Amino acid sequence: MMGYRIYQIDREWRKSLGEDWRKHDLSYIEFSSRGNLADRWKPEYLDHYKHVVSLNVSDIDLWDVYRTLNVHAFYQDDQDIYENVISDYETKTVERDGEEITYKMYHSLSIGDIVEDLETGKKFILHEDFVDLKEIN
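Going by our numbering, the sequence shown wraps up at 140, each residue one higher than the last.
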């Protein structure tokens, strides 16, 4: 089955920049939908992204991917099978008030995140719309 890989800006790389993060073009791309992405994007920025989760479904469009990862639900035959269609993600378990809580180490799909269509091999970045990265390289 084909599907999608989701890439988000690597948290460790971003932390390593400290205050300089706010001066980096990727900060602008992540936090603003205004402006021309093509004027700011550089192919080497992909080096600062990390594969954070896979969505193992086919025959859906990019906006369905967006919706699935933002509402954390995927329905098939009136059943929510979200946990069955995501994979390849890291977790972190913490203890809070004597209770163990496990977090998935990715956030909802946001501006600046990249979606790779495994069927076509194309990568798209979410900005004002989904932009084919080949178009801006």
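We treat Cβ as the ideally placed atom computed from N, Cα and C, and that holds for glycine. Keep in mind the model is a prediction, meaning the values are calculated, not measured.
Per the C-alpha coordinates, the member of Y52, T123, L136 positioned closest to D64 is T123. Rounded to whole angstroms, the Cβ separation of S113 and L129 is 7 Å, and the two are in contact under 8 Å. K126 has E119 as its beta-bridge partners, per DSSP. For the 7 Å CB-CB criterion, Y92 and Y106 do not form a contact.
Taking 7 Å as the cut-off, the beta carbon of M5 is found no closer than this to the beta carbon of S57. Collapsing the DSSP output to three states places E22 in a helix. With contacts defined as CB atoms closer than 7 Å, H54 and R14 fail to qualify as a contacting pair.
Comparing alpha carbon positions, the residue from I104, E103, L136, E131 closest to E119 is L136. Distance from the CA atom of L40 to the CA atom of G101, rounded to whole angstroms, is 46 Å. Counting only the Cα atoms, K126 lies some 7 Å from I117.
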